[in-house]
Amino acid sequence: MTAAVSLAGSDPSQVLAVLDEAAERRARMRSASGGAMDLRYDEWLPEANGLTGIVTAYWRVAGDASNVPSSAILPDGHVELVFNLGDPVGLAGPAYTGNQPDRAVVGPLSRAIRLEYRGPVNTFGIRFHPARGAAFFGQRATSLTDKLLPLAQVSSVLDLAFSCLLGGNWTSEAVDQVLLQQLHTSSAADMLVAAMVDRLTCADPVPPVAQIARELGLSSRQVQRRFLASVGVPPKQFVRVLRFARLWQTASMRSPETWAELAAEHGYADQAHMVREFRAFGVEPPTHFFNPDWYDATALSRVSGPAEGVRPARDVRFVQDQVDKAPI
3 MTAAVSLAGS DPSQVLAVLD EAAERRARMR SASGGAMDLR YDEWLPEANG
53 LTGIVTAYWR VAGDASNVPS SAILPDGHVE LVFNLGDPVG LAGPAYTGNQ
103 PDRAVVGPLS RAIRLEYRGP VNTFGIRFHP ARGAAFFGQR ATSLTDKLLP
153 LAQVSSVLDL AFSCLLGGNW TSEAVDQVLL QQLHTSSAAD MLVAAMVDRL
203 TCADPVPPVA QIARELGLSS RQVQRRFLAS VGVPPKQFVR VLRFARLWQT
253 ASMRSPETWA ELAAEHGYAD QAHMVREFRA FGVEPPTHFF NPDWYDATAL
303 SRVSGPAEGV RPARDVRFVQ DQVDKAPI
């Protein structure tokens, strides 16, 4: 059963309240049916106009992960600010091994980080534009690549602000204000690189990097140097991560009829090629990671779906709530 929750005309602070209400409803239904609550993932857009093009989504994971067969932070090319508001979470990967910090900056990854949930899950995250995340923190992107760092090591001022904010009652509108204040001390983003990232991210099929460079009036050497400084990886690697992210995001939203068709849809030579990429990024084959139990135990809505036919939440005014199949 799928229920749509309309937030049209509502104050943005109602978003988290609606998600909490939906989670509590699912918990009651699961309890009545003798099962455990599932894990729920939602995305929405910040309300502040000043964050447009800088923050691509707010997101939240909440629920009970005991029935989720596999969990990991998968590479997608973004810088993220992640807050653990629930029980401890164990992390294992080249970028970080140990308990997840309460407030952490996750740079662009080339290998997945495995997650071990140890109790009720309540995680809030802020996803930044690939070419503007590092600049927001006043960092060179390569200093964040393949790293998960406590926020205090990246910005003590921002860490203190969020420590105070998230310690009490808070809203997404209040988060907007903290981020807007940080913008006053952020580094200037390389907008030509941001434009290139936008082209690579939005185009289907993805155009050659050399073609976009010519359109922007940049030489190959300039592209390599400036792209690496802003995004943290070379253009060719970013395109590879982008293709992988599009595939796993599509898979997370719907179970494919065949993995071979999904591989072809995203530009892989065949299913074996796709499986090799999963392993190269530190993930078990997709048929094992996204198995039937995974789809039964999780529910997702995204700000923008990666392909037609998925279950997208278009903006903050429409949040999809996937509930258990048990009768009400």
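Going by this note's numbering, the sequence shown opens with residue 3, and the numbers climb by one from there.
Glycine included, C-beta positions come from ideal geometry on N, C-alpha and C.
Classification of residue i by the beta-carbon crowding that lies within 10 angstroms, buried from 16 upward
| i | result |
| --- | --- |
| Gly-219 | exposed |
| Glu-23 | With a pLDDT of only 49 at Glu-23, under the threshold of 50, the placement of this residue in the model should not be trusted, and no figure is reported. |
| Asn-171 | exposed |
| Ala-205 | exposed |
| Thr-300 | buried |
| Met-276 | buried |
| Gln-155 | exposed |
| Glu-263 | exposed |
| Leu-185 | exposed |
| Ser-145 | exposed |
| Ala-265 | buried |
| Ala-74 | buried |
| Ala-67 | buried |
| Gly-65 | buried |
Cβ shell of residue i (< 6 Å), same chain only, five flanking positions each side left out
| i | result |
| --- | --- |
| Gly-88 | Pro-122, Val-123, Asn-124 |
| Glu-118 | Gly-92 |
| Val-199 | Pro-132, Ala-133 |
| Gly-52 | Leu-182 |
| Gln-102 | Asn-86, Val-91, Leu-93 |
| Gly-127 | Trp-61, Glu-82, Val-84 |
| Phe-280 | Pro-287, Pro-288 |
| Tyr-43 | Val-63, Leu-302 |
| Phe-229 | Val-195, Pro-237 |
| Phe-292 | Ala-253 |
Other residues of its chain near residue i: CB distance less than 8 Å, five sequence neighbours each side excluded
| i | result |
| --- | --- |
| Thr-187 | Gly-140, Val-159 |
| Pro-207 | Gly-269 |
| Trp-261 | Gln-273, Met-276, Pro-288, Thr-289 |
| Val-180 | Leu-160, Ala-163, Phe-164, Leu-167 |
| Val-241 | Leu-202, Val-208, Val-211 |
| Gly-55 | His-131, Arg-134, Ala-196 |
| Ala-190 | Ala-137 |
| His-80 | Thr-58, Pro-110, Arg-129, Phe-130, His-131, Pro-132, Gly-135 |
| Pro-77 | Pro-110, Leu-111, Ser-112, Arg-113, Ala-114, Val-243, Phe-246, Ala-247, Phe-283 |
| Ala-97 | Val-108, Gly-109, Leu-111, Arg-113, Ile-115, Asp-148, Lys-149, Leu-150 |
| Arg-142 | Ala-136, Ala-231 |
Own chain, CB closer than 7 Å to residue i, minus 5 neighbours either side, in chain order
| i | result |
| --- | --- |
| Val-296 | Sequence check: residue 296 is Trp here, not Val. Correct list, in chain order: Val-70, Pro-71, Ser-72. |
| Gly-100 | Leu-93 |
At least 3 beta-carbon pairs within less than 8 Å: the stretch 146 to 155 vs the stretch 92 to 109: Result yes; three or more Cβ-Cβ pairs closer than 8 Å.
Stretch-stretch touch, CB-based, cutoff 8 Å, three pairs: the stretch 248 to 258 with the stretch 210 to 229: With the cut-off at 8 Å, the stretch 248 to 258 and the stretch 210 to 229 do not touch.
Complete runs of the alpha helix (DSSP H) confined to the stretch 166 to 249 [at least 4 residues]: Those alpha helix (DSSP H) runs which fall completely within the stretch 166 to 249 and span 4+ residues are 174 to 185, 193 to 204, 211 to 218, 222 to 233.
Completely contained beta strand (DSSP E) runs for the stretch 70 to 98, where each covers 3 or more residues: Qualifying beta strand (DSSP E) stretches, in chain order: 82 to 86, 91 to 95.
Any 3 or more C-beta pairs closer than 8 Å across the stretch 230 to 245 and the stretch 207 to 217: Flag = yes, the stretch 230 to 245 and the stretch 207 to 217 touch.
Inside the stretch 116 to 163 only - alpha helix (DSSP H) runs reaching at least 4 residues: Within the stretch 116 to 163, the complete alpha helix (DSSP H) segments of 4 residues or longer fall at 135 to 138, 153 to 156, listed in chain order.
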